[in-house]
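When you read off a place in the sequence shown, starting at 1, and then add 46, the result is the number in the working numbering. Worksheet: the structure to be examined is printed underneath.
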Amino acid sequence: MYNEINKLNHTMKILAIETSCDDTSIAIVDCKNDINNIETKLLASVVSSQTKLHARSGGIIPNLAAREHEKNLLPVFKQALKIAKIKDFNKEIDLITVTRGPGLQPALLMGLNFAKALAYTTKKPIIGTNHLLGHIFSNFIQHEGVFKNNIKLPVVCLLVSGGHTQLYKISNWDNIKMVGETLDDASGECFDKIAKMLNLGYPGGVYISKTAEKFRSKNPGYKSEFKLPKPLMYSKDFNFSFSGLKTSVLYLIQRLKKSKKFNKKVVEKLCTEAEDVITDVLVSKTIKLAKSIDAKTIMISGGVSANQRLRDKFEKTINNEFDFICPAKSMSTDNAAMIAVAGYYEHFRRKNDDCLTLEINSNLQI
Ligand code: KG4
Ligand code: ZN
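This is the structure we're talking about:
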């Protein structure tokens, strides 16, 4: 461990910057204690979303995202300081942290340059943070009040986002190991691509889940009509695969269109069935890993973890066998508060970075 963390009994006020994809976010979080007992208090979390802009093209255009980050960073920064009631940046902020990867290169660069300029002019320490670690630590953030880590170990954490679908084994908080991941598309990507095929909005997961929820409430007990595949559901390892499912849906849509059977009702059924097969596979593999390592807790994170069907299935399937933890829905999707906690974690595991040489790494792994 890099720092003598047990000696740290004061609170660190951390300013975090996140621009890895299409959300410009800055947060200020109080963090204290060592890696195994991190305690957090959220002081401000501002997220400026570019969803409407990218909805027009049905996906994120990296250079457009970067231009928006450039526009949004300063107003978001000022708003975060105001919400957290920071009067004197130099006196009150202890550490600046910024997402250095993984993510879209032009988008990451905007946040990194902003953070470096801030660290240089204020002479504050800076540390680059892993976005994936941020998602894992989103479970340590609550909207209001103090979060004390009394999560029981070992933990299995499912990380499901637009670019990643991974399973982690956490034996202790200093030992986070990936044990499975998608071999092709991420689950969020699968939601987004299916939504695009069905001419729904962006981000696709949100539209698919809204459509499916409405359909289920009007058709209780609906039995699957299209029998979509559940890829790698019964494989022995802990990997995932979602590109075959996407292709099955594509061929099905083509067949239905050809036979003039493609209509609004079919779209609703496909959303319901796609959401069900994706969430079935995610829940099944996560619980299988939890059983195999005698885990005490299952945690979920990343944009897809905002999905209510996924949360409900976990609650139901776990049936008190494990503790189940999920972040506030606003903390599931990208935000800087989770980056603040990950930055605090990184601060104790290694030397701070130098603001003159810190670089992005768009393929960074844990
Ligand atoms: O973590 P995130 O905000 O950004 C990345 O790091 O990728 O995740 C974005 C992904 C998108 O694919 C989006 O469709 C998905 O999360 N998502 C959802 C829901 N909300 C966001 N997927 C399913 N159901 C949702 N409610
Ligand atoms: Zn993310």
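Glycine included, C-beta positions come from ideal geometry on N, C-alpha and C. Note that the structure is predicted; figures quoted are calculated from it, not measured.
Between the options, which lies nearest to residue i when the distance is taken from Cα to Cα?
| i | options | result |
| --- | --- | --- |
| residue 74 | 404, 274, 123 | 123 |
| residue 211 | 58, 362, 329 | 329 |
| residue 115 | 94, 209, 356, 298 | 94 |
| residue 147 | 163, 176, 206 | 176 |
| residue 172 | 394, 412, 377 | 394 |
| residue 312 | 164, 399, 207, 261 | 261 |
| residue 214 | 65, 345, 374 | 345 |
| residue 195 | 408, 389, 371, 377 | 371 |
| residue 208 | 202, 201, 235, 218 | 235 |
| residue 252 | 400, 355, 389, 120 | 355 |
| residue 319 | 276, 198, 305 | 276 |
| residue 162 | 405, 378, 375 | 405 |
| residue 380 | 76, 267, 92 | 92 |
| residue 309 | 244, 358, 136, 282 | 244 |
| residue 398 | 141, 83, 340 | 141 |
| residue 339 | 270, 273, 284 | 284 |
| residue 59 | 90, 227, 197, 228 | 90 |
| residue 322 | 273, 205, 336 | 273 |
| residue 396 | 77, 81, 67 | 81 |
| residue 413 | 342, 341, 57 | Missing from the structure shown is residue 413; the chain here goes from 47 to 412 and no further. |
| residue 357 | 178, 204, 153 | 204 |
| residue 242 | 125, 99, 104 | 104 |
| residue 417 | 149, 155, 61 | Because the chain here runs from 47 to 412, residue 417 falls outside it and cannot be looked at. |
| residue 88 | 392, 377, 300 | 377 |
| residue 99 | 174, 149, 206, 248 | 248 |
| residue 327 | 282, 303, 306, 125 | 282 |
| residue 206 | 197, 216, 182 | 182 |
| residue 290 | 240, 304, 254 | 240 |
| residue 295 | 238, 67, 66 | 238 |
| residue 409 | 299, 361, 178, 336 | 178 |
| residue 255 | 78, 324, 174, 107 | 324 |
| residue 67 | 334, 374, 157 | 157 |
To which residues does DSSP link residue i through a beta bridge?
| i | result |
| --- | --- |
| residue 61 | 74, 142 |
| residue 203 | 214, 345 |
| residue 114 | Paired residues: none, contrary to the question. |
| residue 85 | 78, 194 |
| residue 90 | 74 |
| residue 147 | 176 |
| residue 227 | 212 |
| residue 221 | 218 |
| residue 371 | 345 |
| residue 286 | 228 |
| residue 69 | 95 |
| residue 400 | BP columns for residue 400 are empty, so no partner. |
Buried or exposed, going by whether 16 or more other CB atoms sit within 10 Å of the CB of residue i?
| i | result |
| --- | --- |
| residue 52 | Reliability of the predicted coordinates at residue 52 is poor, the pLDDT of 42 falling under 50, and the value obtained from them is presented with this limitation in mind. That one is exposed. |
| residue 350 | buried |
| residue 192 | exposed |
| residue 96 | buried |
| residue 353 | buried |
| residue 402 | exposed |
| residue 390 | buried |
| residue 297 | exposed |
| residue 348 | buried |
| residue 101 | exposed |
| residue 400 | exposed |
| residue 190 | exposed |
| residue 71 | buried |
| residue 315 | buried |
| residue 331 | buried |
| residue 120 | exposed |
| residue 166 | exposed |
| residue 267 | exposed |
| residue 231 | buried |
| residue 199 | exposed |
| residue 169 | exposed |
| residue 137 | exposed |
| residue 301 | exposed |
| residue 293 | exposed |
| residue 307 | exposed |
| residue 83 | exposed |
| residue 392 | buried |
| residue 265 | exposed |
| residue 233 | buried |
Is residue i near the ligand GDP, going by C-beta to nearest heavy atom under 8 Å?
| i | result |
| --- | --- |
| residue 210 | The ligand GDP is absent from the structure shown, which contains only the ligand KG4 and the ligand ZN. |
Okay, do the segment 181-191 and the segment 375-384 touch, 3+ Cβ pairs below 8 Å being the bar? Output reads yes: the segment 375-384 touches the segment 181-191.
Under 8 Å: do the segment 124-135 and the segment 96-114 share three or more Cβ pairs, one atom per stretch? The segment 124-135 vs the segment 96-114: no contact.
Within the chosen definition, does the segment 359-371 reach the segment 218-237 through at least 3 CB pairs nearer than 8 Å? Verdict: no, contact absent.
Residue list, Cβ distance to the ligand ZN heavy atoms smaller than 5 Å: The answer, residue by residue, is 207, 380.
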